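K.L.:
Just so it is clear: in the sequence shown, position 108 is 107 by numbering that gives the first Met the number 0, and no numbers are missing.
By construction, the Cβ of each residue, glycine as well, lies at the ideal position given by its N, Cα and C atoms.
The structure displayed is predicted, hence computed values, not measured ones.
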Amino acid sequence: MPRNVVVTGSGSGIGAALTALFRDRGDRVIGVDLHGGDIEADLSTPDGRAAAASAAADAAGGVVDAIVTCAGTSVPGTAMITVNYFGTTEFLMAMRPALAAAEQPRVVAIGSISGTRTHDPEVVAACLAGDETTALHHAELAVADGRARQLYPSSKAALAQWARRTAVAEGWADAGIPVNVVAPGIVLTPMSAGLFDDPQMRKVMDAAVPMPLNGYLRPEDVARAVLFLASEDNSHITGQVVYVDGGAEVTLRGPADF
């Protein structure tokens, strides 16, 4: 039976690759994106998230079998918090009734290896408290202090913690909804293509995210891992951060941190 699958950030990168894989399986994909999706929505605002969730649920007839949240930004600034974190978590919370209506619902959020790196603890704490105003205040302080690049790992660290907490919260695991995060290493996408043309930047990236197994990822490499976690075959995996990173996480943190 075809499944109703919602993919945010469906227009490019991992989201586009995943949309193609789902459709190849015969699933019906409802793509959400700022421009060019089946549903066009701005996930950086509370109203935009609520409108996107309502439209997606309506398009699926009130029953959503899987959601994968790929929407995000890597441009340093406060949108890293409003889109990457709240644009994911608030959208998923709003979609929970449509997931609960499905027989075998699944949720996968796209995180990042950067979530293991230095982040702003006050931003993360405010995100996990669900306090977007305070999170934005601390994010703006980080930008003013020249620490805007900390906001990306902050958003992804908060997202991983949210997923682990939510996975076993009331209304999720007890409703049969696994919640997992796939955290890629360096992915070759149109957004990052220019970085690889700069030998110095490439050297910096390789030092920050060493990937001894097969090097850089293609979007399809990440999408295939997501596909399993979002499928009916995933019966018991929940609350996990799965690093699809060519060995970067274990290289950086060592074998004892698991």
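1. What did DSSP end up calling Tyr215 once you bin it into helix, strand or coil?
2. Determine contact between the segment 233-248 and the segment 27-41, defined as no fewer than three beta-carbon pairs at a distance below 8 Å.
3. Would you check if the segment 204-223 and the segment 12-21 touch, i.e. whether three or more CB-CB distances between them fall below 8 Å?
4. Excluding the five sequence neighbours on either side, which residues of its own chain have a C-beta within less than 7 Å of the C-beta of Phe90, listed in chain order?
5. Whose C-beta lies closer than 7 Å to the C-beta of Thr157 among residues of the same chain, with five residues either side of it excluded?
6. In the DSSP assignment, the alpha helix (DSSP H) including Val180 goes from what residue to what residue?
7. Would you kindly check if the distance between the Cβ of Pro104 and the Cβ of Ala78 is under 8 Å?
8. Taking buried to mean at least 16 other C-beta atoms within 10 Å of its own C-beta, is Glu131 buried or exposed?
9. If you follow the alpha helix (DSSP H) that Asp57 is part of, which residue opens it and which one closes it?
10. In its own chain, which residues sit with a C-beta less than 7 Å from the C-beta of Glu258, not counting the 5 before and 5 after it?
11. Counting Cβ pairs, one atom from each stretch, are 3 or more of them under 8 Å apart for the segment 149-165 and the segment 197-216?
12. Using CA atoms only, rank isn't needed, just tell me which of Leu98, Pro45, Val249 is closest to Gly175.
13. Are Asp26 and Pro45 touching if we call contact CB-CB under 8 Å?
14. Would you identify the three-state DSSP class for Glu139, choosing helix, strand or coil?
15. Considering just the uninterrupted stretch of the beta strand (DSSP E) at Ile66, what are its terminal residues?
16. Report the residue from Gly245, Glu169, Pro75 whose alpha carbon sits nearest the alpha carbon of Ala141.
17. Considering Cα atoms alone, identify which of Ala59, Ala172, Ser111 is closest to Val243.
18. With a Cβ-Cβ cutoff of 8 Å, do Gly86 and Ala70 count as a contact?
19. Going by alpha carbons, who is nearest to Glu39 out of Trp171, Trp161, Gly10?
20. With a threshold of 8 Å on Cβ separation, who are the neighbours of Arg201 within its own chain once the five nearest residues in sequence on each side are excluded?
21. DSSP state of Asp32, grouped into three classes?
22. Could you compute how far the alpha carbon of Arg217 sits from the alpha carbon of Ala206?
23. Do Val63 and Met94 come within 8 Å of each other at the CB atom, strictly closer than that value?
24. Inspect the beta-carbon positions of Pro152 and Asn233 and report whether they are closer than 8 Å.
25. As an exercise, report each continuous alpha helix (DSSP H) stretch of at least 4 residues that is fully enclosed by the segment 223-257, in chain order.
26. Kindly indicate the opening and closing residues of the alpha helix (DSSP H) around Ile13.
P.N.:
Let's see:
1. coil
2. no
3. yes
4. Thr7, Leu42, Arg48, Ala51, Ala52, Thr68
5. In the sequence as displayed, the identity of residue 157 is Ala instead of Thr. Answer for Ala157: Tyr84, Val123, Cys126, Leu127, listed in chain order.
6. Premise fails: Val180 lies in the beta strand (DSSP E), 178-183, not in any alpha helix (DSSP H).
7. no
8. buried
9. 45-58
10. It is not possible to answer for residue 258, since the shown part of the chain is limited to 0 through 257.
11. no
12. Leu98
13. no
14. helix
15. 65-68
16. Pro75
17. Ser111
18. yes
19. Gly10
20. Leu194, Phe195
21. strand
22. 19 Å
23. yes
24. no
25. 247-252
26. 12-23
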